[in-house]
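For the sequence shown, our numbering assigns the number 13 to the initial residue and increments by one for each residue that follows.
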Amino acid sequence: MFSYHCLNPIAEVGLDQFSTDYKKVEAAVTADAILVRSAAMHDMEFGRNLQAIARAGAGVNNIPLERCAKEGIVVFNTPGANANGVKELVFAGMLLASRDIVGGIEWVKSQSGETDIAKMAEKQKKAYAGTELAGKKLGVIGLGAIGVKVANAATHLGMDVYGYDPYISVQAAWNLSRSVKHIDAVEDIYKECDFITIHVPLLDSTRQMINKSAIQMMKKDVIILNFARDLLVDEQAVLDGIAAGKIRKYVSDFPNPTTAGQDGVIVIPHLGASTAEAEDNCAIMAVQEISDYMENGNITHS
Ligand code: MLT
């Protein structure tokens with residue numbers, strides 16, 4: 013048997029098995045396996061015993077993959093385990109971008125104690141009018157576990173859905189609704205869609221894929237959603253696009269100094285996978301992967 017150290021609390025599940033002292037260095041130096049959420053591990057010293065790292069989530073950009081490969085450390089992620097939580101927040105993002113729900117709520121708050129508030133609201137509501145999702149074109153870039161869920165759910169809301177993924181897996185293709193139009197060139201998504209949502213991993217080939225030239229191809233008033241990784245987007249180019257009246261809104265799940273507090277930007281503090289269900293699913297999958305590797309030598313999702 014081996015013991016677990018928790019570098020970042022990921023779930024209630026199995027917490028009795030975790031040490032909760034969060035002494036990262038000590039854990040990394042003594043552990044056989046590490047289970048981590050989004051804590052950056054690039055500068056961390058690894059001990060001689062370390063054989064595996066499981067990332068409770070999809071993205072592995074917080075893990076030093078090359079160093080792990082050199083040192084023979086197997087890296088796991090938990091694909092799909094938090095996909096539903098992220099999918100649901102993507103739709104919240106679409107609604108926040110197309111209806112001024114937050115502005116309306118803030119107005120109601122500011123009228124606290126006002127006895128005539130119902131009548132006043134009837135006048136005020138014009139200021140918060142929005143647009144609907146139904147009938148709009150949604151481009152989904154990346155048809156992995158999350159992208160497929162977003163694409164399928166959007167068809168049920170009456171959206172006209174375009175999917176792009178040059179590397180779509182057989183499993184994802186099977187899971188994709190027939191109502192989703194499969195597009196061969198990402199440029200067609202840029203040119204056609206009212207909403208564009210990105211669901212690709214951060215790789216050298218995808219870094220800043222949403223850049224000035226991509227934005228130039230987009231329709232006026234496009235809404236861009238980024239629940240994948242902030243470095244996929246040249247956010248300064250997005251801010252320029254907002255200032256120029258080309259982009260209606262940019263919704264990002266990745267707070268940073270470039271976008272925080274800027275007009276036309278809705279930033280959420282990386283909450284996509286922060287649901288009780290997603291955290292449980294990721295924790296369970298990550299622990300199973302590590303156990304199966306440490307006890308049986310089996311490698312899944314590495
Ligand atoms: C992911 O890569 O799946 C997310 O970043 C998960 C998380 O919030 O930890």
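From the three backbone atoms N, C-alpha and C, an ideal C-beta is built for every residue, glycine too.
G125 is classed as exposed because its beta carbon has fewer than 16 other beta carbons within 10 Å across all chains shown. At a threshold of 7 Å, H313 does not count as near the ligand MLT, since its beta carbon sits no closer than that to any of the ligand's heavy atoms.
A Cβ-Cβ distance of about 7 Å is found for the pair R241 and F266, placing them in contact under the 8 Å criterion. Checking the DSSP bridge columns, you'll see A43 has no partner listed.
If you draw a 10 Å sphere on the C-beta of N308, you find fewer than 16 other C-beta atoms in it, and that means exposed. Under the 10 Å beta carbon count, G97 is surrounded by 16 or more other beta carbons and is classified as buried.
Listed as beta-bridge partners of G151 by DSSP are Y174, I208. DSSP places V162 in the uninterrupted alpha helix (DSSP H) bounded by 157-168.
For K261, the uninterrupted beta strand (DSSP E) segment begins and ends at 259-264.
DSSP places N238 in the strand class (E or B) of the three-state scheme. Secondary structure within the stretch 77-133: the alpha helix (DSSP H) runs of 4 or more consecutive residues, fully enclosed, are 77-83, 95-110, 113-122 (chain order).
Looking only at V102, D172, G159, H168, the smallest Cα-Cα distance to Y179 is reached by G159.
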